[in-house]
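Participant:
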Amino acid sequence: MEEISQIGFTSRFGFPVYGPRQYVTCGYQDNLGFGFNTALGVKVANPGRAVVPCPAMADFCSACRNSRPRFKHRINLVTIVFNNRSFGNVRRDQFDQYGGRLLGADLVNPDFLKLAESFGALACAPRPRRSQGALERALKRRSAGRDRGTGRAGQ
Ligand SMILES: Cc1ncc(C[n+]2csc(CCOP(=O)(O)OP(=O)(O)O)c2C)c(N)n1
Numbered sequence: 080m081e082e083i084s085q086i087g088f089t090s091r092f093g094f095p096v097y098g099p100r101q102y103v104t105c106g107y108q109d110n111l112g113f114g115f116n117t118a119l120g121v122k123v124a125n126p127g128r129a130v131v132p133c134p135a136m137a138d139f140c141s142a143c144r145n146s147r148p149r150f151k152h153r154i155n156l157v158t159i160v161f162n163n164r165s166f167g168n169v170r171r172d173q174f175d176q177y178g179g180r181l182l183g184a185d186l187v188n189p190d191f192l193k194l195a196e197s198f199g200a201l202a203c204a205p206r207p208r209r210s211q212g213a214l215e216r217a218l219k220r221r222s223a224g225r226d227r228g229t230g231r232a233g234q
């Protein structure tokens, strides 16, 4: 699942899709707020399938409030957050079109690892080269159904 962000743009031409209904996109509406929230619904509708949202970081920060229902209802998502500490697009536009005058484009973010752990989720920050292995392990852990009955999701 993608959303408007640097990784979202990249996935539109770089993510291999081999069948229908495997790639969920906000399309060119490009509305922030779509990614993580929609992923919750997609997972509820497809409980047997792995759903991996790559939300825009800006969206993920505001969508975090939906972590409550996510954990309460044990909606199991393996979420990938790319933290570039900025509104990447906005920042680039300010560089390219406004002579590098930055305004409101750099962000102070929460510690996403601690945030996830505070909900009882597992979290990791792998180096880019190791991210495939980390994702595979997270998905395996999910399919192994290792959740405890505490309302905590495994990932
Ligand atoms: C509801 C909404 N508000 C604002 C925008 C404008 N907008 C597009 S991309 C973006 C920044 C996204 O930043 P981030 O989520 O950090 O992703 P990055 O580009 O850094 O990967 C903004 C504010 C939008 N598309 N939708």
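For what it's worth, my numbering labels the leading residue of the sequence shown as 80, then goes sequentially.
Note that beta-carbon positions come from the ideal geometry of N, C-alpha and C, so glycine has one too.
If you drop the 5 nearest sequence neighbours on each side, which residues of the same chain put their C-beta closer than 7 Å to that of F94?
Facilitator: Y102
Participant: Measure how close the beta-carbons of F150 and F198 come, nearest whole angstrom, since I'm counting them as under 8 Å.
Facilitator: Correct: roughly 5 Å between the Cβ atoms.
Participant: Can you check which of these residues, N110, V96, G127, C143, is closest to F191 by C-alpha distance?
Facilitator: A check of alpha carbon separations from F191 across N110, V96, G127, C143 identifies C143 as the nearest.
Participant: Report the three-state DSSP secondary structure of D172 (helix, strand or coil).
Facilitator: helix
Participant: Going by Cα to Cα distance, which pick from T158, I154, G178, Y177 is closest to A124?
Facilitator: I154
Participant: To which residues of the same chain is N195 closer than 6 Å at the C-beta, ignoring the five residues directly before and after it?
Facilitator: A small correction: the amino acid at residue 195 is Ala; Asn does not occupy that position in the sequence shown. Hits under 6 Å: A202.
Participant: Cβ of G167 versus every heavy atom of ligand 1: is any distance shorter than 7 Å?
Facilitator: yes
Participant: Between the stretch 129 to 136 and the stretch 160 to 178, are three or more C-beta pairs nearer than 8 Å?
Facilitator: Yes, they touch.
Participant: So is R91 buried or exposed if we call it buried at 16+ other beta carbons inside 10 Å?
Facilitator: exposed
Participant: Would you grab the beta carbon distance between F166 and L181 for me? Rounded to a whole angstrom, and I think it's under 8 Å.
Facilitator: About 10 Å separates the Cβ atoms of F166 and L181, ruling out a contact at the 8 Å cut-off.
Participant: Taking 7 Å as the cut-off, is the beta-carbon of M136 closer than that to any non-hydrogen atom of ligand 1?
Facilitator: Answer for M136: yes, Cβ within range of ligand 1.
Participant: DSSP on S197, reduced to helix/strand/coil?
Facilitator: helix
Participant: Give me the Cβ distance between P126 and F115, rounded to the nearest whole Å; I'm assuming they're in contact under 8 Å.
Facilitator: Not a contact, Cβ separation roughly 17 Å.
Participant: Beta-carbon within less than 6 Å of S84's beta-carbon, same chain only, minus the 5 sequence neighbours each way: which residues are those?
Facilitator: Hits under 6 Å: A135.
Participant: Look up S165 in the DSSP assignment and give the residues it is bridged to.
Facilitator: Beta-bridge pairing links S165 to D185.
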